[in-house]
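**Student:** First the structure, then my questions, so here it is.
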Amino acid sequence: LKILGEKNDLDNRNISSFCTIDLIVDTVAKAAVPSKATVGQAIDAVKEHIIRSLCSRAELHYESTDVIEDEPKDRLAVHQLPRAAYVSLPSQWAIVFTDYLFESDTANDAQQSFAEFLNLKISESDIDVNSERHLDGNDLLNMLNEDDRPSRVERSSSSTSSLSSVMLPPIRKAGRVASLNYYFLIAALIALLSFVVYLLMITLSS
784 LKILGEKNDL DNRNISSFCT IDLIVDTVAK AAVPSKATVG QAIDAVKEHI
834 IRSLCSRAEL HYESTDVIED EPKDRLAVHQ LPRAAYVSLP SQWAIVFTDY
884 LFESDTANDA QQSFAEFLNL KISESDIDVN SERHLDGNDL LNMLNEDDRP
934 SRVERSSSST SSLSSVMLPP IRKAGRVASL NYYFLIAALI ALLSFVVYLL
984 MITLSS
């Protein structure tokens, strides 16, 4: 997908390829507002939190993903972004800090990040890593339509900075086969009924 710099470029160049991105989000949003804030201001704060969170996760996922040019491209793939881990400031529980964990990361990784960047001395039990979770193969198969199910799931890893692909089990389109058989049966009945009507008309005319 190439983004053209000027609007006039769209008239002079042919777009050879494009992609469609469906964003499915089930996340936890937290925002701090003043005591006299209105409901509208609280809603704006939550929206801002969601946008910043998604941008940070997408950037981390991009940085940890290796793009292989010669790798065969799938028609449909799912990219799972890092999940959030929360911890409150020990001296003020209303102030919450967020770290983002990849699928293989644990509360210990978040503990080390908080200690390194914020100099917070906290225990693993103080870190909330259960508010969000990564999806497994069964979750993906249940949430997507049969025709839209991906052939693989793209997961990034902070330890290896590489792309690991998890193959999902093949999907049998039994429902579609049953529908085709149903249509063939109806067509056969209509043809048989037409033949009977034709014989009756010949008999009456004679």
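If you use our numbering, the sequence shown corresponds to residues 784 to 989, in order.
Even for Gly, the Cβ is constructed at its ideal location relative to N, Cα and C.
Remember, it's a predicted structure, so these values are computed and weren't measured experimentally.
1. With 8 Å set as the bound, which would you pick, yes or no: does the beta-carbon of ALA868 sit closer than that to a beta-carbon of chain E?
2. Are the CB atoms of ALA868 and VAL912 nearer to each other than 8 Å?
3. According to DSSP, which residues form a beta bridge with ASP911?
4. Can you tell me whether ALA860 is helix, strand or coil according to DSSP?
5. Our contact map puts VAL816 next to ALA825 with C-beta atoms below 8 Å; I'd like the distance itself, whole angstroms only.
6. Determine the direct distance from the alpha carbon of ASN925 to that of LEU972, and round the result to whole angstroms.
7. Mind checking SER836: buried by the 16 CB within 10 Å criterion, or exposed?
8. State the CB to CB distance for the pair SER847 and PHE900, rounded to an integer number of angstroms; the pair is presumed to be in contact (CB under 8 Å).
9. In the DSSP assignment, the alpha helix (DSSP H) including ALA825 goes from what residue to what residue?
10. Considering just the uninterrupted stretch of the alpha helix (DSSP H) at ALA877, what are its terminal residues?
11. Count the other CB atoms, across all protein chains shown, that sit within 10 Å of the CB of LEU864; report buried if there are 16 or more and exposed otherwise.
12. Taking the beta carbon of ASP805 as the centre, do at least 16 other beta carbons fall within 10 Å, making it buried, or is it exposed?
**Tutor:** Short version:
1. Among the chains of the structure shown, chain E does not appear; only one protein chain is present.
2. Contact: yes.
3. Looking at the DSSP output, ASP911 sits in a beta bridge with TYR869.
4. strand
5. 5 Å
6. C-alpha separation (whole angstroms): 36 Å.
7. buried
8. Incorrect: roughly 18 Å between the Cβ atoms, too far for contact.
9. 822-846
10. ALA877 -> not in any alpha helix (DSSP H); beta strand (DSSP E) instead, spanning 875-884.
11. buried
12. exposed
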